[in-house]
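Peer 1: What follows is a single structure, and I will ask about it in a moment.
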Ligand SMILES: *Cc1c(COP(=O)(O)O)cnc(C)c1O
């Protein structure tokens, strides 16, 4: 057509006015999530202790279920019916109050989208999960970062930050990347202080690592109140991160909102089958929890022993430790040194933690090697 616009090279904002599609400004402002690395700069595979995956792998029951999974030419059950029924039985929840997601990640994004938008505020503590900032910005809401208290969530500061614009509050409990944990009474106080029309999202990705006696009461709050959503995942203790399966529970209104906007076939057939088997595999969960408890304590003691070099571990209820470097050895140098020795951990300058490394609890030999390497490097840096 003669009057069709001339199509020339698309120029970005740096080169003058754009003639191509322009993203929404709040989308353009998002800094993409940086996943944990698994290879060195030269492409050499490294021991990956950067993404809080289960060092014991995936349970035998889930692996057996994968071998039996349904015909891949068929769509999966859109309601994940069997899986929700099993979760309901396991946790004493009406399955109608459970919604599955493509990882809990999808659900965190959906709850923000469902309840917040331009002009609204989404609250979370400083040093919490990087997805919250993205989830807030994605729907055009303002992310509001609340000051921490010694790397953990500060209930009083969170409540003080609430305004009439606040629609959603995210709390990871235990928290990533710090491992800190809000006990039951503090969590109840946070909920009690929030207006009834603010959604409190309790992200329990690491709940299974917490001792039973220390249960934060999140599921009970979600069962009792219209404005509490708990999210859980199969990615961590169940060793199914590659399958992308998460779930959320809360009042029927919250679940209905998420069901309206989730992908209709958001959990694959293989994922549903493997997760169903994993729900029943208490032995694997218990073995993973025990391994984590023992190795985390041993690694924390090794870091303690380097206290004279300025190393300090933030007390953790999760499957990782945040190690602070406050002496001659910097977190960046330790990160590079560990990578040279074959292990990749998480250095978090983008999250305001240039002085810290988040180290996933791996196998005993892996943790011994890291502790020894940190000792050597700290000694050399004096
Ligand atoms: C790992 C993690 C998740 C899990 O994400 P998935 O999408 O379920 O894999 C959620 N929240 C926090 C705080 C996490 O660290």
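In our numbering, the protein residues as written are 46 to 427. Even glycine gets a Cβ: it sits at the ideal position worked out from N, Cα and C.
(1) Note down, in chain order, each residue of its chain lying with its Cβ closer than 7 Å to the Cβ of residue 91, except the 5 sequence neighbours on either side.
(2) Could you name the residues, in chain order, whose CB is less than 5 Å away from a heavy atom belonging to ligand 1?
(3) Buried or exposed: where does residue 317 fall if 16 or more other Cβ atoms within 10 Å of its Cβ makes it buried?
(4) Determine, using beta carbons only, whether residue 376 and residue 401 come nearer to each other than 7 Å.
(5) Exposed or buried, residue 158, counting other C-beta atoms within 10 Å across all chains shown (16 or more means buried)?
(6) Secondary structure at residue 248, three-state DSSP: helix, strand or coil?
(7) Exposed or buried, what is residue 297 when buried is set at 16 or more other beta-carbons lying within 10 Å of its beta-carbon?
(8) Would you report the Cα separation of residue 419 and residue 94, rounded to the nearest angstrom?
(9) Any chance you could list the alpha helix (DSSP H) runs of at least 4 consecutive residues sitting entirely within the stretch 199-278, in chain order?
(10) Go through its chain and collect everything with a Cβ distance to residue 182's Cβ below 7 Å, but skip five positions before and after it.
(11) In whole angstroms, what is the alpha-carbon distance linking residue 106 and residue 215?
(12) Taking the alpha carbon of residue 224 as the point to measure from, which residue in 126, 341 and 374 has its own alpha carbon closest?
(13) To the nearest angstrom, how far is the alpha carbon of residue 343 from that of residue 166?
(14) In chain order, which alpha helix (DSSP H) runs of at least 4 residues are fully inside the stretch 117-187?
Peer 2: So, to answer that:
(1) So the list reads 83, 84, 85, 384, 387, 388 and 389, once near-sequence residues are dropped.
(2) Listed along the chain, these residues meet the criterion: 148, 149, 150, 174, 217, 221, 248, 250, 278, 280 and 291.
(3) Burial call: buried.
(4) Yes, they are a contact pair.
(5) A residue is called buried when at least 16 other Cβ atoms come within 10 angstroms of its Cβ; residue 158 meets this threshold and is buried.
(6) Residue 248 falls in the strand class under three-state DSSP.
(7) The residue in question, residue 297, is exposed, as its Cβ has fewer than 16 Cβ neighbours within 10 Å.
(8) Spanning the two alpha carbons is a distance of roughly 15 Å.
(9) Counting whole runs of 4 or more residues, the stretch 199-278 contains the alpha helix (DSSP H) stretches 200-206, 229-238 and 263-269.
(10) Here residue 182 has 71, 74, 75 and 188 as same chain residues with Cβ atoms under 7 Å from its own Cβ, once five neighbours each way along the sequence are excluded.
(11) One C-alpha to the other measures close to 33 Å.
(12) It is 341.
(13) Each residue's alpha carbon lies about 41 Å from the other.
(14) Correct list: 126-136, 148-160 and 175-183.
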